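Accompanying notes for the structure given below.
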Amino acid sequence: MTRKLSVYHRQIAANNRAAILAAAARPFLENGYDRTSLAEIARQAGVSKATLFKQFPTKAELFEATVLAAGSMPGTEPVAPDPDDFLGGLVILGKAYVRLLDRSGMADLMRIVISESPRFPELRERTFDFGTLPVLTALKDFLIAARDTGTADFDDAEAISAQFLGMIATMVFWPRLVHGGWALTDGEKEQVVDQAALTITARCT
Numbered sequence: 091m092t093r094k095l096s097v098y099h100r101q102i103a104a105n106n107r108a109a110i111l112a113a114a115a116r117p118f119l120e121n122g123y124d125r126t127s128l129a130e131i132a133r134q135a136g137v138s139k140a141t142l143f144k145q146f147p148t149k150a151e152l153f154e155a156t157v158l159a160a161g162s163m164p165g166t167e168p169v170a171p172d173p174d175d176f177l178g179g180l181v182i183l184g185k186a187y188v189r190l191l192d193r194s195g196m197a198d199l200m201r202i203v204i205s206e207s208p209r210f211p212e213l214r215e216r217t218f219d220f221g222t223l224p225v226l227t228a229l230k231d232f233l234i235a236a237r238d239t240g241t242a243d244f245d246d247a248e249a250i251s252a253q254f255l256g257m258i259a260t261m262v263f264w265p266r267l268v269h270g271g272w273a274l275t276d277g278e279k280e281q282v283v284d285q286a287a288l289t290i291t292a293r294c295t
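In my numbering, the protein residues as written are 91 to 295.
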């Protein structure tokens, strides 16, 4: 029979996990996946290697958690828009998505996912569940609420979400992985979001 951890020990485990994630981002960015030392991450986090491996049994799991943590920082959760204002809600969530894509290090972490996963089976086999990120969860909830209230009409919320976010990322994010100097002004980013929101609204209302 497995004994449940006390509140104290659960808090210690949560603190250790947070410290490890905070220490992991920079080594992965600076050294790449292959050359990142888990022992060094443990040292910087102030935990033992045994504690690190208890939280993250493999380097691939730690890297996945590091990528997802970059988009789940406190304060990044978008406010739930009014489902009765479909266009306005999409604009709010689209802007929140742009802020996520603009987070420091996000492009570099994604570049590692794309460039290094073919070389490392353990990384390639990981499923990066980006749908758990707060802004993406909020978008899906908003779409379902809008459909339930009759503001919008569509069959597949996940498909609509993917199409909306894809239109934004195609202009705001993905070119940065190929062209290091790619940058849009804030006004241009807002225009991208507005056009994507208008397109989805025209399709679904």
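We put the CB at the ideal spot given by N, CA and C, even for glycine.
The structure presented is a predicted model; accordingly, all values stated were derived computationally and were not measured.
Between the segment 149-164 and the segment 230-244 there are fewer than three C-beta pairs closer than 8 Å, too few to call the two in contact.
Excluding five sequence positions before and after Tyr187, the CB atoms of its chain that fall closer than 7 Å to its own CB belong to Val225, Leu255, Ile258, given in chain order. At a Cβ-Cβ threshold of 8 Å, Ala170 and Phe232 count as neighbours. The beta carbon of Val262 sits closer than 7 Å to those of Val188, Leu191, Leu274, Lys279, Val282, all from its chain and outside the five residues before and after it, given in chain order.
Per DSSP, the continuous alpha helix (DSSP H) segment holding Asp124 begins and ends at 97-125. Residue range 211-214 is occupied by the alpha helix (DSSP H) that includes Pro211.
Under the three-state reduction of DSSP output, Trp272 falls in the coil class, being neither helix nor strand. Per DSSP, Val137 lies in no alpha helix (DSSP H) and is assigned neither H nor E. Taking the Cα of Leu267 as reference, the smallest distance to any Cα among Ser207, Met196, Gln285, Ile290 is reached at Met196. Below 8 Å, enough C-beta pairs join the segment 97-113 and the segment 135-147 to call them touching: three or more. Cβ contact annotation for Lys230 (same chain, cutoff 8 Å, sequence separation greater than five): Gly221, Ala247, Glu248, Ser251, in chain order.
Excluding residues up to 5 positions away in sequence, Leu111 lie with their Cβ nearer than 7 Å to the Cβ of Ala159 in the same chain.
Excluding its 5 nearest sequence neighbours in each direction, Asn106 has C-beta neighbours in its own chain below 7 Å: Val137, Thr141, Gln145, listed in chain order.
Inter-residue distance for Thr295 and Asp172 is about 15 Å (C-alpha atoms, whole angstroms). The criterion of a C-beta distance shorter than 8 Å is not satisfied by Leu199 and Leu128. About 6 Å separates the Cβ atoms of Leu180 and Ile290, confirming a contact at the 8 Å cut-off.
Across the structure, Pro211 and Arg201 are spaced so that their CA atoms are roughly 17 Å apart.
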